[in-house]
Structures are given as C-alpha cells and as structure tokens.
Amino acid sequence: MAVTLQKVNELFDEHYQKAEHKIRKGQMTIREYLRRKVEIAEQMKKDKAARKIQTSYRKMKSRGHFGELQNSSTPSVDCVRQFIEILRNSQLDYDEDISKFVTTLKQKYS
16 MAVTLQKVNE LFDEHYQKAE HKIRKGQMTI REYLRRKVEI AEQMKKDKAA
66 RKIQTSYRKM KSRGHFGELQ NSSTPSVDCV RQFIEILRNS QLDYDEDISK
116 FVTTLKQKYS
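Be aware that the sequence shown starts at 16, since it is given in the numbering used here, and climbs by one per residue.
Here's what the structure looks like:
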C-alpha cells in the first residue's frame, strides 16, 4: 500500500511539473479577468456619478433660464436657446390640434 501511494505521489508530482506552466497561465488569466471586472465596475460607478452631477447641473441651469424666461421681457439668447425646441414643438402641436378641431367641426356640420 505504501509503495502504491508513493508511486501515485511521484506520478502526481511529474504531472504537476509538466502542467505547472498551464496552471500558472490559467491562474494569471483568471486574475486578469477579475482585475478587469473590478476596473469596469469602478468605471461604471464613476460614470453613473458623473451623469448624476451633470444632470443636476443641467437642471439647475434650466431652472435659472426658465425663471429668466418667465420674468424677463427680453430674455438672453442663451436662455431662449435652451427652450427653442420646446417652443417649436408646442407650435406644431397647436397647429395640429387646430387642424383636427377644424376637421371635426367640418365633419359634424357638413
């Protein structure tokens, strides 16, 4: 029994010595993968924080511009530029609503 155990140990040692490079390479690959995974998670966390800060800053600027737009008879160009898309869309929506209303009236009283 002791002889077979010793033989098994020797065979295992030989196998380990032959495969040691592959084992180290596998461990190195796994460590690199885990390191990159942590880096990506940290970067995503930083990106999320940056987006939150940017969103808050844009909200603050919009509130200031909106106040200027409401209270000033001559708002600055920068202020109007912030809301030009909304104004343009509102006019389109208004025109569409009027045309639908006119069409409905024509159908109703024709």
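The beta carbon of each residue, even a glycine, is placed where N, CA and C say it ideally should be.
Scanning its chain for C-beta atoms nearer than 7 Å, with the 5 sequence neighbours on each side dropped, one finds no residue around residue 93. Between residue 100 and residue 90, the C-beta gap is not smaller than 8 Å, which leaves the two residues out of contact.
Look at the segment 78-104 and you find no whole run of alpha helix (DSSP H) that is 4 residues long or longer.
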